[in-house]
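Asks: Structure incoming, see below.
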Amino acid sequence: MRSSKPALVIALVAGVSIALVVPMLAWRDVSEDGATPAGADTQGNAPADLEDPSLAGEPATVTAHTRFLAIGGGSTPESTEVSLEQDMALAARTLPGPGVLFFAGGRHARTVRVLDPRLDGNALLARVGDLFAPRQGRRSRYRRTSLPAHAATFEAIDAALGEALAVGSEPLLLYVAAHGEQGEVPGGNLIGLWGQDVLDVTTLAEVTERT
């Protein structure tokens, strides 16, 4: 059991990308062409002090020494922009570990959306489509994440967070780089998780209280 209430740093902001603790620097105007973000796993090797799951769906391994959990991505591939992956990579490089990453559908799923100008096709048809059937991802392609990450599902995050709070002895940092919505009351503020699930402030408080 952690000796004192852990430092769970989290911000839930409506309709925007959330990134805590780590400054954004110049990440927003980099790698929209799909380049692998700095700090990501480019050669099949995980960043230092990060768990590297070898199988899709493998439960996250949390120990008494886990210092942070990082949650990122959207609830669908269309909402998992490459900029969110870049935010997570920066966090993985910057935060003191060891830590565990949860990002979109996990490292084995093609869930990172990258803008691809080659998919513009007929400009007139594209504009008509945007007018009558607007949607994200029309001019995008999808690739696997290079992060050593588990799927960011509620079940996986709930289990890992509960375990980390129960067995750890150091403050735990919760880093979020995702999309969120502002509730009518503070407890209703939420972030979207993979598979159209959500995590709100009230549920997060319940997880911390039961440990």
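Once you know that position 53 of the sequence shown is 45 in this note's numbering, the rest is easy, because the numbers rise by one and skip nothing. Built from N, CA and C at the ideal position, the CB exists for glycine as well.
1) Compute the distance between the beta-carbons of E77 and G91, then report whether it is under 9 Å.
2) Would a C-beta distance cut-off of 9 Å place I149 and L185 closer than the cut-off?
3) Could you work out which residue in G154, F146, L153 and L157 is closest to S67 when comparing CA atoms only?
4) Let me check understanding here. Comparing Cα to Cα, which of P51, A156, R85 and T72 lies closest to Y134?
5) Given a threshold of 16 other Cβ atoms within 10 Å of its Cβ, counted over all protein chains shown, does A62 qualify as buried or as exposed?
6) Any idea what DSSP makes of L153, helix, strand or coil?
7) On a Cα-Cα basis, can you pick out the residue from G97, V193 and A83 that is closest to A144?
8) Could you pull the start and end residues of the beta strand (DSSP E) that D192 belongs to?
9) Report the residue ranges of all beta strand (DSSP E) runs contained in full by the segment 45 to 107; include only those spanning at least 3 residues, in chain order.
10) I need the boundaries of the beta strand (DSSP E) containing V168, first residue and last residue.
11) Report all residues from its chain with a CB closer than 6 Å to the CB of G237; omit the five preceding and five following residues, and keep chain order.
12) Rounded to the nearest angstrom, what separates A56 and R99 at their Cα positions?
13) Would you tell me roughly how many angstroms separate the C-alpha atoms of A197 and T58, rounded to the nearest one?
14) Which residue wins for smallest C-alpha separation from R136, given the options Y167, P69 and A170?
15) Tell me whether L185 sits in a helix, a strand or coil according to DSSP, three-state version.
16) From the DSSP secondary-structure annotation, give me the bridge partner or partners of A141.
Replies: If we stick to the structure as given:
1) No; because the gap between Cβ atoms is not below 9 Å, this pair is not in contact.
2) Taking 9 Å as the cut-off, the Cβ atoms of I149 and L185 count as close.
3) Comparing C-alpha distances from S67 to each of G154, F146, L153 and L157 shows the shortest one belongs to F146.
4) Ranked by Cα distance from Y134, the first of P51, A156, R85 and T72 is T72.
5) Residue burial annotation: A62 is buried, with at least 16 other C-beta atoms found within 10 angstroms of its C-beta.
6) The answer is helix: DSSP assigns L153 an H, G or I state.
7) Of G97, V193 and A83, the residue nearest in Cα terms is G97.
8) First-last of the beta strand (DSSP E) with D192: D189 to D192.
9) For the segment 45 to 107, whole beta strand (DSSP E) runs of length 3 or above, ordered along the chain, are 60 to 65, 91 to 95 and 102 to 107.
10) From DSSP, the beta strand (DSSP E) with V168 extends over L165 to A170.
11) Lying outside -7 to 203, the shown extent of the chain, residue 237 is not represented and no answer is given.
12) When the Cα atoms are used, A56 and R99 turn out to be separated by approximately 24 Å.
13) Going from the Cα of A197 to the Cα of T58 covers about 20 Å.
14) For R136, the closest alpha carbon among the candidates Y167, P69 and A170 is that of P69.
15) Here DSSP, grouped into helix, strand and coil, assigns L185 to strand.
16) Partner(s): L93.
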